[in-house]
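A.B. asks: Here's a structure for you.
In my numbering, the protein residues as written are 327 to 611.
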């Protein structure tokens with residue numbers, strides 16, 4: 327089997343022009359983002375989308391603080407850089423204006439019953455994996471099909487025990503490919519959150535030994551996972567994790583309230599050159 331690879335354009339040399347046209351002209355053609363007529367960056371110097379959203383939310387909050395009489399008006403048409411004192415004023419304003427309900431006992435109890443695997447202590451798995459890495463330019467559909475074919479081969483009843491290590495050596499984009507994909511013993515804190523969630527925190531995480539019946543998608547790509555050994559760990563009581571659950575639900579409640587607050591500010595403002603719909607502000611994060 328051959329693993330799909332990304333298409334590389336150009337030879338990689340900065341002095342070579344074979345990689346295509348200079349992008350500076352297209353950068354200059356991009357619109358200048360603004361909030362209520364206040365530009366977020368100089369023309370032709372548009373930052374990346376994540377930075378631009380952060381600037382937009384900061385300017386929305388600064389303008390709200392001005393409306394509340396908490397900060398002085400800015401005379402320029404370009405958004406000012408916020409200092410520490412201005413940030414403290416804005417954070418205090420948000421704390422005062424955003425009310426979030428605290429979780430009650432019933433909510434905490436329901437969360438515990440629905441998420442017991444999340445609180446297991448001392449659990450660990452001895453696993454090996456085959457990683458199909460998602461890299462820039464890769465054909466994700468083709469990569470997924472390639473990974474699914476390998477998974478199908480490994481989950482057949484007549485698959486030999488040696489085949490997993492062979493495919494790991496042939497296909498895996500992880501350094502562990504030289505050890506048959508063996509990751510050793512891992513706990514929830516030893517792997518990517520998406521992998522930990524699938525292997526430890528879901529109710530179906532106790533599905534058993536052997537090859538996981540489906541691909542697991544993480545920030546690194548697609549994984550075929552085989553569980554070789556398992557340490558069950560200990561399930562704590564509700565009383566032991568009550569304060570932890572209460573704090574977690576309080577954070578989630580606060581995040582929802584902040585998201586609603588920022589959505590209201592976005593809806594009331596004239597935002598140009600950037601789409602803020604559905605994006606989380608730094609306050610929420």
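Note that the Cβ used here is the ideal one computed from N, Cα and C, for glycine as well.
Below 8 Å between beta carbons: does that hold for residue 507 and residue 540?
C.D. replies: If you number the chain shown from 1, residue 507 lands on position 181. If you number the chain shown from 1, residue 540 lands on position 214. No.
A.B. asks: Just tell me which of 358, 601, 471, 578 has its CA closest to the CA of residue 437.
C.D. replies: On the chain shown, position 111 is the one that residue 437 refers to. It is 578 whose Cα lies nearest to the Cα of residue 437.
A.B. asks: Checking the sheet assignment: what are the DSSP bridge partners for residue 508?
C.D. replies: Start at 1 with the first residue of the chain shown, and residue 508 comes out as number 182. Paired residue(s): 454.
A.B. asks: Give me, in chain order, the residues of the same chain whose beta-carbon lies closer than 8 Å to that of residue 394; leave out the 5 immediate sequence neighbours on both sides.
C.D. replies: Within the chain shown, residue 394 is the residue found at index 68, counting from 1. Counting only Cβ-Cβ distances below 8 Å, and skipping sequence neighbours, we find 419.
A.B. asks: Nearest-angstrom Cα distance between residue 527 and residue 441?
C.D. replies: Residue numbering aside, residue 527 sits at position 201 when the chain shown is read from its first letter. Residue numbering aside, residue 441 sits at position 115 when the chain shown is read from its first letter. Their backbone Cα atoms lie some 7 Å apart in a straight line.
A.B. asks: What is the rounded straight-line gap between the Cα of residue 564 and the Cα of residue 422?
C.D. replies: Sequence index remark: in the chain shown, residue 564 carries index 238 (1-based). Sequence index remark: in the chain shown, residue 422 carries index 96 (1-based). Each residue's alpha carbon lies about 33 Å from the other.
A.B. asks: If you draw a straight line from the C-alpha of residue 582 to the C-alpha of residue 590, how long is it?
C.D. replies: Position 256 of the chain shown, counting from 1, holds the residue named residue 582. Position 264 of the chain shown, counting from 1, holds the residue named residue 590. Each residue's Cα considered, the two are about 12 Å apart.
A.B. asks: Look at the alpha carbon of residue 447 and the alpha carbon of residue 545, and state the distance between them as a whole number of angstroms.
C.D. replies: Start at 1 with the first residue of the chain shown, and residue 447 comes out as number 121. Start at 1 with the first residue of the chain shown, and residue 545 comes out as number 219. Distance between the alpha carbons of residue 447 and residue 545: 25 Å.
A.B. asks: Can you check the segment 465–506 for any alpha helix (DSSP H) of at least 4 residues that lies completely inside it and give the ranges in chain order?
C.D. replies: The segment 465–506 contains these whole alpha helix (DSSP H) runs: 466–480, 489–497.
A.B. asks: So is residue 344 buried or exposed if we call it buried at 16+ other beta carbons inside 10 Å?
C.D. replies: Numbered from 1 along the chain shown, position 18 holds the residue referred to as residue 344. For residue 344, the predicted model reports a pLDDT of 39, less than 50, meaning its position is unreliable; a value from the coordinates is still stated below. When all chains shown are included, residue 344 counts as exposed.
A.B. asks: Please report the distance separating the alpha-carbon of residue 566 from that of residue 593.
C.D. replies: Locating residue 566 in the chain shown gives position 240, counting from the first residue. Locating residue 593 in the chain shown gives position 267, counting from the first residue. Rounded to the nearest angstrom, the two C-alpha atoms are 43 Å apart.
A.B. asks: Where residue 410 and residue 417 are concerned, what is the direct C-alpha to C-alpha distance, given to the nearest angstrom?
C.D. replies: Numbered from 1 along the chain shown, position 84 holds the residue referred to as residue 410. Numbered from 1 along the chain shown, position 91 holds the residue referred to as residue 417. Answer to the nearest angstrom: the Cα atoms are 11 Å apart.
A.B. asks: With a 10 Å radius around its C-beta and 16 neighbouring C-beta atoms as the bar for buried, classify residue 414 as buried or exposed.
C.D. replies: Position 88 of the chain shown holds residue 414. It is exposed - the Cβ of residue 414 has fewer than 16 other Cβ atoms within 10 Å.
A.B. asks: Determine the direct distance from the alpha carbon of residue 385 to that of residue 513, and round the result to whole angstroms.
C.D. replies: Translated into the one-based positions of the chain shown, residue 513 becomes position 187. Translated into the one-based positions of the chain shown, residue 385 becomes position 59. In a straight line, the C-alpha of residue 513 is about 42 Å away from that of residue 385.
A.B. asks: Any idea what DSSP makes of residue 420, helix, strand or coil?
C.D. replies: Start at 1 with the first residue of the chain shown, and residue 420 comes out as number 94. In the structure shown, residue 420 sits in a helix (DSSP, three-state: H, G or I).
A.B. asks: Short of 6 Å in beta carbon distance, which residues of its chain neighbour residue 372, apart from the five on each side in sequence? Order them along the chain.
C.D. replies: Numbered from its first residue, the chain shown carries residue 372 at position 46. Cβ within range, chain order: 356.
A.B. asks: Measure the beta-carbon distance from residue 456 to residue 493 and round it to whole angstroms, keeping in mind my assumption that it falls under 8 Å.
C.D. replies: Within the chain shown, residue 456 is the residue found at index 130, counting from 1. Within the chain shown, residue 493 is the residue found at index 167, counting from 1. About 6 Å; that satisfies the 8 Å criterion.
A.B. asks: How many angstroms separate the CA atom of residue 460 from the CA atom of residue 376?
C.D. replies: Along the chain shown, read from residue 1 onward, the residue named residue 460 stands at position 134. Along the chain shown, read from residue 1 onward, the residue named residue 376 stands at position 50. Going from the Cα of residue 460 to the Cα of residue 376 covers about 21 Å.
A.B. asks: Excluding the 5 residues flanking residue 511 on each side, which residues of the same chain have their C-beta closer than 6 Å to its C-beta?
C.D. replies: Position 185 of the chain shown, counting from 1, holds the residue named residue 511. Excluding positions up to five away in sequence, the list reads 450, 452.
A.B. asks: Below 7 Å, is the gap between the Cβ of residue 514 and the nearest heavy atom of the ligand FMN?
C.D. replies: Only the bare structure without any ligand can be found here, which leaves the ligand FMN out of the picture.
A.B. asks: Please check the pair residue 521 and residue 542, which I expect to be a contact at CB under 8 Å, by giving their CB distance rounded to whole angstroms.
C.D. replies: In the chain shown, residue 521 corresponds to position 195, counting from 1. In the chain shown, residue 542 corresponds to position 216, counting from 1. With 8 Å as the limit, residue 521 and residue 542 qualify as a contact, their Cβ atoms being about 6 Å apart.
A.B. asks: Could you check whether residue 548 and residue 499 sit closer than 8 Å to each other, using their CB atoms as the reference points?
C.D. replies: Here the question's residue 499 lines up with position 173 in the chain shown. Here the question's residue 548 lines up with position 222 in the chain shown. Not closer than 8 Å, so no.
A.B. asks: DSSP state of residue 525, grouped into three classes?
C.D. replies: Position 199 of the chain shown, counted from the start, is the residue given in the question as residue 525. Correct three-state label for residue 525: helix.
A.B. asks: Would residue 599 and residue 404 be called neighbours here (beta carbons separated by less than 8 Å)?
C.D. replies: If you number the chain shown from 1, residue 599 lands on position 273. If you number the chain shown from 1, residue 404 lands on position 78. It is not a contact, given that the beta carbons lie outside the stated cut-off.
A.B. asks: Taking the alpha carbon of residue 535 as the point to measure from, which residue in 523, 525, 553 has its own alpha carbon closest?
C.D. replies: Here residue 535 refers to the residue found at position 209 when the chain shown is read from its first residue. Ranking the options by Cα distance to residue 535, first place goes to 553.
A.B. asks: Report the residue ranges of all beta strand (DSSP E) runs contained in full by the segment 539–594; include only those spanning at least 3 residues, in chain order.
C.D. replies: Counting only runs of 3 or more, we get 542–544, 547–557.
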